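Asks:
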Amino acid sequence: MSRAIWLISLIVLFGCAVNPVTQRQEFLIFSEGYEIRLGREAQRSVLLRFGRYTDQALQGYVSEVGQRIATLSHRPHLAYRFTVTDSSVLNAMALPGGFIYVNRGLLAYLNSEAQLAGVLGHEIGHVAARHGIKHYQAALGAQLLSIGVAALTESRGLVLGTNLLLEAILKGYSRRDEYQADELGMLYMYRAGYDPSEMVKFLMILQGLERREPNLVEQLFSSHPLTSDRVARAKTYAAELGGRRRGLSVGRDRYLRHLDGMVFGPGKMEGVIEGRRFRNRHFRYELKAPRGWSLRRGERIGSVEAVHPSGNLRCQAIPLQLQRPLSPYELAQQVERGSGLQRLWSSRVLLGGLHGLKVDYVAGRIRARIAYLVRGRTGFILCCSAPRGLFPLAEAPFEGFLRSFRSLSPEEAEGIP
162 MSRAIWLISL IVLFGCAVNP VTQRQEFLIF SEGYEIRLGR EAQRSVLLRF
212 GRYTDQALQG YVSEVGQRIA TLSHRPHLAY RFTVTDSSVL NAMALPGGFI
262 YVNRGLLAYL NSEAQLAGVL GHEIGHVAAR HGIKHYQAAL GAQLLSIGVA
312 ALTESRGLVL GTNLLLEAIL KGYSRRDEYQ ADELGMLYMY RAGYDPSEMV
362 KFLMILQGLE RREPNLVEQL FSSHPLTSDR VARAKTYAAE LGGRRRGLSV
412 GRDRYLRHLD GMVFGPGKME GVIEGRRFRN RHFRYELKAP RGWSLRRGER
462 IGSVEAVHPS GNLRCQAIPL QLQRPLSPYE LAQQVERGSG LQRLWSSRVL
512 LGGLHGLKVD YVAGRIRARI AYLVRGRTGF ILCCSAPRGL FPLAEAPFEG
562 FLRSFRSLSP EEAEGIP
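Each residue of the sequence shown is one higher than the one before, starting from 162 at the first, in the working numbering.
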């Protein structure tokens, strides 16, 4: 089937949908029901990656503000869910169907309830305009072309989907989507009685952080690009809205009262970096970066990444909460399935008190060495990678990284801050 015929078939089969915000017709493969199912399925992956913050009072407060905004959005009928994640990283995200997450690390840099309303309104704007599902649909294009219309069902898409969805959203929206989400967020917060200029103040705080501490906002800006034009647009729109009405709420004291006692900085699930050493209390492990390498927390909760100064060599440790006990061989099979990794060789290994499997792979121009370890229902993936031509020179530091891994006893882990 030619690509043109394939596209025509899709249009006939699925039709067009009206965008709730613009009221324009647009080509969308998936129904609203599927959008909600996809978001619900991806929830578990988000919480495994970032963790849920345990303060129920704070969860309730954020949800209360979020629901107030959501009822005034272009899709008020959705059952929105708001969750504070236990991550110190400055970020927030929205899954299709109304599943919205804000990291406690971002909450620490907000100064008022109005700014919280603006952040939540921005994420609700992504949901209202269906940015997430459109982003996912674009990322799914190659897979759809390969399986064809006959094999395309919503259940098949769901199988392909939640990891692809998360990666698509975390990679970031377009500037156009960000502009629209900013305007929608400020419109919704204004409708709820909040001062939209507070959202502009928050964007300016982020601009200042980008200059002083770029690493702090790197992940947020990768998924929500901040440009001077975006800030200027926000200022103009906020002034337009603010001029229509007096007595808009800021809610600084109320917000700060709810944040009283919140953990600031890395939590026990994120781990502690001490020079070259990384220790994690929750997943009970430690390791060291090779000499001269930088060490930083990874995107997934509890993970860590060591990077050579050149940026060409890197090692990662990724802990996983397994649904059921697996052998290292089964864990390797799960990673390899559909990954495009070509196995070169494998051998048994003993690292840090755990028996596992060590495998060398190639994938395009990259060669990787991965160790798979399992302790009960906790899995560990230790991955070191380099361009193929540099791999022989990198083997020594790679092996040093792998052999620095140590599984900690509960008593040892208790001593970690």
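Every residue, glycine too, gets a C-beta built ideally from N, C-alpha and C. Given the structure is predicted, the values throughout are model-derived calculations rather than measurements.
Should the stretch 281 to 301 be called in touch with the stretch 484 to 497, which here means at least 3 C-beta pairs below 8 Å?
Replies: No, the stretch 281 to 301 does not touch the stretch 484 to 497.
Asks: Take Phe566 as the anchor and find which of Ala532, Val263 and Glu556 has the nearest alpha-carbon.
Replies: Ranking Ala532, Val263 and Glu556 by Cα distance to Phe566 puts Ala532 first.
Asks: Ignoring anything shorter than 3 residues or poking outside the stretch 228 to 292, list the beta strand (DSSP E) runs there in chain order.
Replies: DSSP runs (the beta strand (DSSP E)) wholly in the stretch 228 to 292: 242 to 246, 253 to 256 and 260 to 264.
Asks: With 16 as the cutoff for other CB atoms within 10 Å, does Trp454 come out buried or exposed?
Replies: That one is buried.
Asks: Going by DSSP, name the residue or residues bridged to Asp414.
Replies: DSSP, once it has assigned bridges, lists no residue as partnering Asp414.
Asks: Suppose you measure from the CA of Pro451 to the CA of Gly200; what does that come to, to the nearest Å?
Replies: Rounded to the nearest angstrom, the two C-alpha atoms are 39 Å apart.
Asks: Is it buried or exposed, Leu554, if we count other Cβ atoms within 10 angstroms and call 16 or more buried?
Replies: Result: exposed.
Asks: Near Ala353, what residues of its chain come up, given a Cβ to Cβ distance below 6 Å and the 5 sequence neighbours on each side ignored?
Replies: Around Ala353: Arg229, Ile230 and Leu233.
Asks: If you measure between the beta carbons of Gly279 and Ser248, is that distance less than 8 Å?
Replies: No.
Asks: What separation, rounded to the nearest whole angstrom, lies between the Cα atoms of Leu448 and Phe562?
Replies: Rounded to whole angstroms, Leu448 to Phe562 spans 7 Å at the Cα level.
Asks: Leaving out five residues on either side along the sequence, give the residues of the same chain with a beta carbon under 6 Å from the beta carbon of Ala574.
Replies: For Ala574, where only same-chain residues beyond five positions count, the Cβ hits under 6 Å are Arg442 and Arg445.
Asks: Rounded to whole angstroms, what's the CA-CA distance from Ala311 to Glu196? Just pull it up for me.
Replies: Residue confidence is low: Ala311 scores 37 on pLDDT, short of 50, so the model does not pin down where it sits. No coordinate-derived value is stated.
Asks: State buried or exposed for Ser488, treating a residue as buried only when at least 16 other CB atoms are found within 10 Å of its CB.
Replies: With fewer than 16 other Cβ atoms within 10 Å, it is exposed.
Asks: When we look at the beta-carbon of Asn252 and count the other beta-carbons within 10 Å, is it buried (16 or more) or exposed?
Replies: With 16 or more other Cβ atoms within 10 Å, it is buried.
Asks: Can you tell me whether Met423 is buried or exposed? The criterion is at least 16 other CB atoms within 10 Å of its CB, across all chains shown.
Replies: Result: exposed.
Asks: From which residue to which residue does the alpha helix (DSSP H) around Lys338 run?
Replies: Before going further, note that residue 338 is Asp rather than Lys in the sequence given. Looking at the DSSP string, the run of the alpha helix (DSSP H) that includes Asp338 is Arg336 to Arg352.
Asks: Measure the beta-carbon distance from Phe439 to Val465 and round it to whole angstroms, keeping in mind my assumption that it falls under 8 Å.
Replies: With 8 Å as the limit, Phe439 and Val465 qualify as a contact, their Cβ atoms being about 5 Å apart.
Asks: Between the C-alpha atoms of Leu321 and Thr246, what's the straight-line distance to the nearest angstrom?
Replies: At Leu321, the pLDDT of 45 sits below 50, so the modelled position is not reliable and the matter cannot be decided from this model.
Asks: Measuring alpha carbon to alpha carbon, tell me which of Leu512, Glu435, Leu420 and Arg549 ends up nearest Gly266.
Replies: Ranking Leu512, Glu435, Leu420 and Arg549 by Cα distance to Gly266 puts Leu420 first.
Asks: Which partner residues of Ser568 appear in the DSSP bridge assignment?
Replies: Note: Ser568 sits in a beta bridge opposite Tyr446.
Asks: Could you tell me the distance, in whole angstroms, from the CA atom of Leu239 to the CA atom of Gly194?
Replies: The alpha-carbon atoms of Leu239 and Gly194 are separated by roughly 10 Å.
Asks: What's the C-alpha gap between Glu435 and Gly428?
Replies: Roughly 15 Å separates the two Cα atoms.
Asks: Given a cut-off of 8 Å on the beta-carbon distance, is the pair Ala557 and Ser546 in contact?
Replies: Cβ distance not < 8 Å, so Ala557 and Ser546 don't count as in contact.
Asks: Relative to the C-alpha of Pro237, which residue among Leu277, Tyr340, Asp216 and Tyr349 is closest?
Replies: For Pro237, the nearest C-alpha among the options comes from Tyr349.
Asks: For Met360, which residues from the same chain have a beta carbon less than 6 Å from its beta carbon, with the 5 sequence-adjacent residues on both sides left out?
Replies: Cβ neighbours of Met360 beyond the five flanking positions: Gly279 and Met347.
Asks: What does a CB cutoff of less than 7 Å around Gln482 pick up in its chain, not counting 5 residues either side in sequence?
Replies: Same-chain partners within the cutoff: Leu209, Arg538 and Thr539.
Asks: Just verifying my parser: in three-state terms, what is the DSSP assignment at Phe211?
Replies: In this structure, Phe211 counts as helix in the three-state DSSP scheme.
Asks: Starting from Gln494, follow the alpha helix (DSSP H) in both directions and report where the run begins and ends.
Replies: Pro489 to Glu497 is the span of the alpha helix (DSSP H), which, as asked, contains Gln494.
Asks: I need the straight-line Cα distance from Arg526 to Gly517, nearest angstrom please.
Replies: Approximately 26 Å, taken between the alpha carbons.
Asks: Report back the beta-carbon spacing between Leu271 and Phe363 to the nearest angstrom; my notes put them in contact at under 8 Å.
Replies: Their Cβ separation, rounded to whole angstroms, is 6 Å, which keeps Leu271 and Phe363 in contact under 8 Å.
Asks: For Arg457 and Ile294, what's the separation of their Cα atoms in angstroms?
Replies: Approximately 31 Å between the Cα atoms of the pair.
Asks: Roughly how many angstroms lie between the CA atoms of Ala342 and Ala290, to the nearest whole one?
Replies: Roughly 8 Å separates the two Cα atoms.
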